[in-house]
Amino acid sequence: MVITAKGKEILEIAEEPEYVMLAKVEDLKMDMLRIVEEEEIKKIRLKTSDEATFEVEPSILKEMKRVQSLINTEAIDTSVAIPLPNITSRNLSRIIDFCWEHQYNTENLEEFKGRFLKSLNHQELKELLLAANYLNIKTLFDFLCNSFTDLIQNESPEFIRDFFNILNDTNSVKSMHAPAFQGSIDDD
Amino acid sequence: MEKLTLPVELVREILLRLPVKSVLRFKCVCKTWHSLISEPHFGISHYHLTAAPSYRLLLEFNESYFESVDTEPHLGQDSSAGNLLLFPSHPFGYESVATKMILGSCRGLVSCCYHRGWDHIDLILWNPSTGVYKRLPIFEYLYGFGYDASTDDYLLVLIPRLFAHQEPKVHVFSFKTYSWNLYDNNVLYSDFFCLRRGLLLNGALHWLVICEDEMRFVIIAFDLTQRTLSEIPLSLNHFSRRSRFLFSFSKMGECLSVCCTYPDPAITDIWVMKEYKVRSSWTKLLVIPLIYNSLYFYPICITKDGGVVGGFGLCKLERLVKFNDKGELVDNVAYNGNQRWDCGNLQYRESLLSPINVIGDQH
């Protein structure tokens with residue numbers, strides 16, 4: 001089965017991602033036209049950890065610096081799908097979505113980013129950050145880092161420990177009451 | 001599902017994008033975070049990555065404390081907007097007899113001094129955000145604090161009073177080489193009735209002085225990279241024809257600013273030089289009514305929405321006020337300043353940069 005959405009194709013996907021269901025028929029028509037126009041451009045296939053294969057157009061691929069460098073330096077056979085063992089199909093489709101919107105949606109990008117962020121829970125946000133870092137996609141990486149800061153900047157150290165799954169190894173009583181603004185006075 | 005743990009490199013990337021206040025609060029999350037945040041390179045990266053720096057106003061509170069105020073919310077209403085900071089203590093316990101003076105700030109570091117008599121000054125480099133400070137040996141005299149980006153060096157600039165028997169020179173102390181250097185002073189001026197700090201803008205320090213032979217005001221600028229002194233013309237009759245006099249040289253946002261005060265009706269005009277070194281770009285920013293029977297208004301800093309925070313008083317700051325961009329009074333707080341109005345307060349940028357690392361390795 002071949003599903004087409006927003007200029008990318010997903011082949012042999014086990015589970016249909018939600019956004020495909022939501023894509024409007026109108027959008028699909030538009031995208032079909034675009035695909036016909038871009039047919040000659042060479043696409044690269046990526047294979048996720050759950051064995052789904054994605055066909056990605058060069059303009060999106062350009063954002064994935066790691067895949068780019070794999071193609072350029074390692075002379076990988078592009079007729080075979082490039083394996084991405086760290087990334088699930090769910091996350092790759094999100095990433096492609098983001099890159100696509102970042103490139104083509106100039107009018108409602110902020111609105112898209114808001115919706116994109118809302119659809120993610122904390123765990124998914126972390127997974128996506130790891131994926132963006134792995135694929136070396138600067139726009140997505142910066143966006144996610146900034147989203148993290150918005151989430152945590154007004155929170156307490158206890159919340160942060162819970163959020164990042166960190167064990168409190170400080171001398172808790174002492175450090176909790178240390179005035180944040182005095183810091184360490186280093187004066188030699 | 002088990003919670004994902006992010007590797008420390010990614011945590012660092014997130015922390016680098018947080019505001020200074022949050023980063024400092026998260027120092028006690030765990031030992032790894034504490035050492036990550038305390039590391040000097042973290043502060044430098046954080047400084048360069050900050051897209052929208054935050055600024056606070058430093059105000060003398062009493063003999064031992066300074067108050068750090070966020071000028072964006074209403075003044076005096078939100079108690080969380082102000083923080084009391086303990087001023088770095090004097091090495092010999094001179095707090096009560098020595099005059100404290102803030103000399104200037106750049107990149108989040110504030111340079112201040114204890115001033116005992118005219119030739120005895122103890123200098124302190126202080127980061128009010130982190131509380132870390134570095135005390136320096138005694139200097140004879142000093143005047144401005146800045147940063148030369150071309151050599152990554154903090155500089156102290158001193159222009160001594162011009163005496164007939166002395167060759168006019170500008171003294172520059174480099175923190176990196178820990179030494180003084182002399183540069184030619186080709187601009188004649190003599191307005192040195194008191195210690196006055198320079199304003200840092202566009203890589204140069206600026207002072208408003210009187211050119212004695214012609215009895216006119218002039219702004220002098222010392223370029224911290226070129227190490228040259230130059231004049232910035234001030235078309236005085238352009239804005240101060242019936243002024244009581246021209247005073248209160250300050251920095252409003254990224255513009256140099258002067259004030260003119262008029263009697264009857266008692267107002268202070270705030271003028272800004274919109275384009276640096278362009279004489280014709282002097283523009284009237286705001287007209288401030290002199291309320292509370294004040295003789296002068298001293299602007300201190302500009303707020304994001306175009307308003308101005310400043311003080312009323314005769315020669316000491318007696319009332320801290322905020323005006324909006326239409327010149328209407330928004331906030332006012334009674335304030336009991338002890339120092340000369342231009343020495344007891346200063347706007348600084350929040351940063352994590354450490355004063356410890358500005359001194360060259362061998363010192």
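Residue numbers (UniProt numbering), protein chains in the order written: chain A, 1 to 188; chain B, 1 to 363.
Where is the CB? At the ideal position from N, CA and C, for every residue including glycine.
Quick caveat: nothing in here was measured; it's all calculated off a predicted structure.
Item                                                                                                                                 : Value
DSSP state of isoleucine 87/A mapped onto helix, strand, coil                                                                        : coil
Bridge partner(s) assigned by DSSP for valine 187/B                                                                                  : DSSP, once it has assigned bridges, lists no residue as partnering valine 187/B.
Exposed unless 16 or more other CB atoms sit within 10 angstroms - verdict on histidine 74/B                                         : exposed
Outcome for proline 83/A when other beta-carbon atoms lying within 10 angstroms are tallied against a minimum of 16                  : exposed
Short CB-CB distance (under 8 angstroms) between glycine 7/A and chain B                                                             : Residue placement at glycine 7/A is flagged as unreliable, the pLDDT there being 43, under the threshold of 50; a coordinate-derived value is accordingly withheld.
Reference phenylalanine 164/A; option with closest CA among Leu18/B, Phe175/B, His206/B and Cys30/B                                  : Cys30/B
Lysine 134/B burial status per 10 Å Cβ neighbour count (16 or more: buried)                                                          : buried
Within 8 angstroms, strictly: CB atoms of serine 64/B and leucine 86/B                                                               : yes
7 angstroms Cβ cut-off: residues of chain A touching isoleucine 14/B                                                                 : Cys145, Phe148 and Thr149
Chain A contact residues for arginine 17/B, given Cβ-Cβ distances below 7 angstroms                                                  : Cys145, Asn146 and Thr149
Below-8 angstroms beta-carbon distance, leucine 117/A vs any chain B residue                                                         : no
Reduced DSSP secondary structure (H/G/I, E/B, other) of proline 299/B                                                                : strand
Proximity to proline 263/B [Cα-Cα], best of Arg107/B, Leu290/B and Arg227/B                                                          : Leu290/B
Below-8 angstroms beta-carbon distance, cysteine 112/B vs any chain A residue                                                        : no
Chain B contact for threonine 170/A (CB, 8 angstroms cutoff)                                                                         : yes
Tyrosine 335/B versus Ser22/B, Ile44/B, Leu59/B and Val11/B, residue with shortest Cα-Cα distance                                    : Leu59/B
First and last residue of the uninterrupted alpha helix (DSSP H) at glutamine 347/B                                                  : Where glutamine 347/B is concerned, there is no enclosing alpha helix (DSSP H), although the beta strand (DSSP E) it sits in stretches over 345–349.
Neighbour flag for serine 22/B against chain A, beta carbons, 8 angstroms                                                            : yes
Beta-carbon neighbours of arginine 107/B, restricted to chain A and to distances below 8 angstroms                                   : Residues of chain A passing the Cβ test: none, with the nearest at roughly 17 angstroms.
Members of the stretch 96–123 of chain A near chain B, C-beta cut-off 9 angstroms                                                    : His122 and Gln123
Contact check, aspartate 153/B vs phenylalanine 175/B, beta carbons under 8 angstroms                                                : yes
Members of the stretch 44–74 of chain B that neighbour chain A once the beta carbon cut-off is set at 7 angstroms                    : none
Cα-Cα separation between cysteine 113/B and lysine 304/B, rounded to whole angstroms                                                 : 30 angstroms
The stretch 65–73 of chain A in contact with the stretch 96–106 of chain A per 3-pair CB rule at 8 angstroms                         : no
Closer than 8 angstroms to chain A by CB, arginine 349/B                                                                             : no
Collapsed DSSP secondary structure at cysteine 145/A in the structure displayed                                                      : helix
Endpoints, beta strand (DSSP E) assigned at tyrosine 154/B                                                                           : 153–158
Where proline 17/A falls: helix, strand or coil (DSSP)                                                                               : The predicted model places proline 17/A with a pLDDT of 48, which falls under 50 and marks its position as unreliable; any figure quoted below should be read in that light. Reduced to three states, the DSSP call for proline 17/A is coil.
Cβ distance (whole Å) where serine 354/B is taken to contact asparagine 185/B below 8 angstroms                                      : At roughly 33 angstroms, the Cβ-Cβ gap does not stay under 8 angstroms, so serine 354/B and asparagine 185/B are not in contact.
Nonlocal neighbours in the same chain, by C-beta distance under 6 angstroms from aspartate 325/B, ignoring five residues either side : Gly306 and Gly307
Chain A within 8 angstroms of tyrosine 94/B, Cβ atoms only                                                                           : Confidence at tyrosine 94/B is low in this model, with a pLDDT of 49, below 50, so its placement is unreliable and the value that follows should be read with caution. No, tyrosine 94/B does not count as interfacial toward chain A.
Helix, strand or coil at phenylalanine 193/B according to DSSP, with G and I counted as helix                                        : Residue confidence is low: phenylalanine 193/B scores 47 on pLDDT, short of 50, so the model does not pin down where it sits. Its coordinate-derived value is still stated next. Coil.
Residue ranges of each beta strand (DSSP E) within the stretch 28–79 of chain B, 3 or longer                                         : 55–60 and 65–69
Cβ pair isoleucine 95/A, isoleucine 44/A closer than 8 angstroms                                                                     : no
Same chain, Cβ closer than 8 angstroms to serine 38/B, neighbours up to 5 away in sequence not counted                               : Lys27
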